[in-house]
DNA sequence: TGTAAATGTTAAATATTTATTACAAAATGT
DNA sequence: ACATTTTGTAATAAATATTTAACATTTACA
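Here it is in structure tokens:
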């Protein structure tokens, strides 16, 4: 799973902490998610996509074989 | 979180077991997910959306307050 | 250059998802 | 009505996500 959280954060000028607060998760959740260290729940994906006004598919991409 | 997995399964004429095999999870995962008992990972959501040719947003909906 | 803000990283604890097995209940088709 | 398939449900264990806290590193900027 790849994601474009960092890019969307930049577009919307939000820090990891800003984003974390907006979707009610810890900053580390944002940080490690951004780093691709785990796959978030669909609830988080939907919340972020909604906030950034993009689709879940634009924000998260399965990689080959996944 | 609500979802339309059961409806999409009906449209595509797949049993829970069929769907489970196609996206490489257990049948119980499909069953309990369909029943709304938990929120799946974004990876599963993307795989199902891709299989059904719908967006993740069409397949899963956050409920009020979520 | 110094200071604060932002990010990266780690470790431990908790919560949640997923698999497995098994069985009961319901639906389907003949 | 009977047999078969499909679905619901439950218990347990494993894997994975998420939180919290603490500290190190990097970045921004006065």
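Chains as they are written, first to last, in the numbering used here: chain G, 1 to 66; chain S, 67 to 132. We put the beta carbon where it would ideally sit given N, CA and C, even for glycine.
Query - Sequence-distant residues of the same chain with beta carbon closer than 8 angstroms to residue 125 of chain S, five excluded per side - result: 69, 70, 71, 74, 111, 114, 115, 118
Report task. Compare the C-beta of residue 113 of chain S against all C-beta atoms of chain G and say whether one is closer than 8 angstroms. Result -> Yes, residue 113 of chain S counts as interfacial toward chain G.
Report task. List the residues that DSSP assigns as beta-bridge partners of residue 69 of chain S. Result -> Paired residue(s): S/126.
**Report entry** Nearest candidate by alpha-carbon position, reference residue 1 of chain G, set G/42, G/55, G/38
**Finding:** Ranking the options by Cα distance to residue 1 of chain G, first place goes to G/38.
Requested in this report: Assuming residue 122 of chain S contacts residue 42 of chain G (C-beta within less than 8 angstroms), just tell me the rounded distance between them.
Outcome: Contact flag correct, Cβ pair sits at about 7 angstroms.
Query - Residue range of the alpha helix (DSSP H) that includes residue 96 of chain S - result: 93-100
Query - The alpha helix (DSSP H) enclosing residue 42 of chain G, as first and last residue numbers - result: First-last of the alpha helix (DSSP H) with residue 42 of chain G: 42-52.
Report task. Could you name the residues of the region 82-116 of chain S whose beta carbon sits closer than 8 angstroms to any beta carbon of chain G, in the order they occur along the chain? Result -> In summary, the residues of the region 82-116 of chain S whose CB is separated from some CB of chain G by less than 8 angstroms are 105, 106, 107, 108, 109, 110, 111, 112, 113, 115, 116, in the order they occur in the chain.
Query raised in the report: Does residue 118 of chain S have its Cβ less than 8 angstroms from a Cβ in chain G?
Result: no
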